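Taking it in order: structure first as structure tokens, then the write-up.
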Amino acid sequence: MTETDPQHLAERYIAQWTEPDATRRRAAIESLWTEDGTHVLQPPAEIREAAAGLGFDHPTLRARGYDAIETRVTRSYERFVGKGEFTFRARTGAVRLDGLIQFRWDTVAVGSGEVVGGGLEVLLLDTDGRIRTDYMFPGA
């Protein structure tokens, strides 16, 4: 397995979510992820509650492959970063255990610098150090 510095990977990972240029964003995705990589999101509480009301007890949201991940990252950028209200940053302290990397990240209000959210990321890497599966837990 390729040696990957966990903090460096965390910083590169967060950078894809804050990249304003669509071409550079796509290039970042292709350099970070395997071609069939999967982003798995624990939905926000309101989606989990709505799903539970329909009889789904463990809903997850998934994006698989470069195109779907690019759509996911782009929509997040447009909703949170592109309007100039928020940015994301990786916290220090990313750790690696075999082929897993875990780190926490913050959502930061651009105007005040106040942390207004964040979450936990667990990345499963392939033997080349690229993301095979990304488990995202917003609010964790």
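Numbers -1 to 138, taken from our numbering, label the letters of the sequence shown in order. Quick reminder that beta carbons are idealized off the backbone N, C-alpha and C, glycines included. In this text, all values refer to a predicted model and were calculated from it rather than measured experimentally.
If you run the structure through DSSP and keep just helix, strand and coil, what is residue i?
i	result
D132	strand
L52	coil
V79	helix
Q100	strand
A26	helix
D34	strand
V108	coil
A88	strand
A138	coil
If you compare alpha carbons, which of the options is closest to residue i?
i	options	result
T69	R24, D126, V120, L122	R24
G115	T90, L121, F78	F78
A26	D126, H37, A13, G35	A13
H56	D65, P42, I67	P42
E17	F135, Y133, L122, F86	F86
D132	D3, A8, R89	A8
E119	E112, S110, V113, G137	G137
Please tell me whether residue i has its Cβ less than 8 Å away from any Cβ of chain B.
i	result
D55	Chain labels in this structure do not include chain B; a single protein chain is all it has.
For residue i, I'd like the list of residues in its chain whose CB is within less than 7 Å of its CB, leaving aside the five on either flank, ordered along the chain.
i	result
I67	I27, W31, G35, H37, A61
R46	P57
A49	P57
Which same chain residues, not among the five before or five after residue i, have their C-beta less than 6 Å away from its C-beta?
i	result
Q5	A92
Three or more C-beta pairs closer than 8 Å, one from the region 100 to 108 and one from the region 52 to 65: is that the case here?
no
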